[in-house]
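First comes the structure, then the notes that go with it.
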Amino acid sequence: MASGTPTTKSQVPPPPTAGVSAVERWRQWGEPAVASPIITALVISLVSIGAVAFQALKADIRAVETRLITVEATLREEIRASEDRQREEIRASEARQRGDVTALRGDVTALSDKLDRVLENLLAAR
């Protein structure tokens, strides 16, 4: 290597280990002194994320509730307005019917008078 020939990856020697095997390194993660702070940090972060998500969910529910209240109030106003229009239409229809009935009574009275005169003329002609 000192002669200046290029080396390939297969020729590069592996890094020296300090006498600790890979299994022993993984066992270190299982020790309470190492695992406890990691697990604690994970639990705290999960609880924090859960709390934030819960607060966001509560805010969404409040927003939906507000929209529903607004829609409900709008629908109530529309229903009241529709009922008022229908009442006015019914009153107008009843007034027209009363006028029609009054006109029919007048027509019936006039027809009755004509029939009375016809009958009187028939009786007088006999």
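Numbering of the sequence shown is given in the numbering used here, commencing with residue 381 and proceeding in unit increments.
All C-beta atoms, glycine included, are put in the ideal place defined by N, C-alpha and C.
In this text the structure is predicted, and so the values were computed from the model without any measurement.
- One alpha carbon belongs to V444, the other to T454, and they sit about 15 Å apart.
- Just so you know, the alpha carbons of D440 and R465 end up roughly 37 Å apart.
- With a contact defined as Cβ atoms closer than 8 Å, A415 and W409 qualify at about 6 Å.
- In the structure shown, R506 falls within a coil segment according to DSSP collapsed to helix, strand and coil.
- If you draw a straight line from the Cα of E457 to the Cα of R447, it is about 15 Å long.
- Membership of E404 in the alpha helix (DSSP H) is indicated by the continuous run 402 to 410.
- In this structure, the straight-line span from the alpha carbon of P417 to that of K438 is close to 31 Å.
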